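Student:
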Amino acid sequence: MIKPLGDRVVLKVKEIDNKTRSGIIVPSNEVSNQATVVAVGPGRVFENGQGSPLEVAEGDQVIFTKFVGTQIEYNGESYLIVHEGDIIAVL
């Protein structure tokens, strides 16, 4: 599995359902900003050597800022690696 460093978090972004209730598929270029936390780094380390653990944990459902992070493929799955500061809320 991917082990993020520092204050980074690995996310599995949720797919946007572009099908209406009646079954019509609507083309969309919109990117979801909701995801599940898959892995978290050890946290931030400040200049004085003190550490700060992350506020999110594996399994949390989160909302993150759009158009951030690094998208990667691992074992055929797509993931997004972001800094914890790019996560704006836990659902």
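Take 0 as the starting number for the sequence shown in my numbering and just add one per residue. Ideal Cβ placement from N, Cα and C applies to all residues, glycine included. None of these values were measured; they are calculated from a predicted model.
Report yes if the CB atom of F63 is closer than 8 Å to the CB atom of A34, and no otherwise.
Tutor: Yes, the pair counts as a contact, with Cβ atoms nearer than the cut-off.
Student: Between the C-alpha atoms of Y78 and N17, what's the straight-line distance to the nearest angstrom?
Tutor: So the two alpha carbons sit approximately 20 Å from each other.
Student: Drop a sphere of 10 angstroms on the beta-carbon of V81, count the other beta-carbons inside from all chains shown, and report buried for 16 or more, exposed for fewer.
Tutor: It counts as buried.
Student: What residue ranges within the stretch 20-79 form continuous beta strand (DSSP E) runs of no fewer than 3 residues, ordered along the chain?
Tutor: Runs found: 33-39, 60-63 and 69-73.
Student: If V61 sits next to V36, beta carbons under 8 Å apart, how far is it from one beta carbon to the other, in whole angstroms?
Tutor: Correct: roughly 6 Å between the Cβ atoms.
Student: Is V89 buried or exposed, if buried means 16 or more other CB atoms sit within 10 Å of its CB?
Tutor: It counts as exposed.
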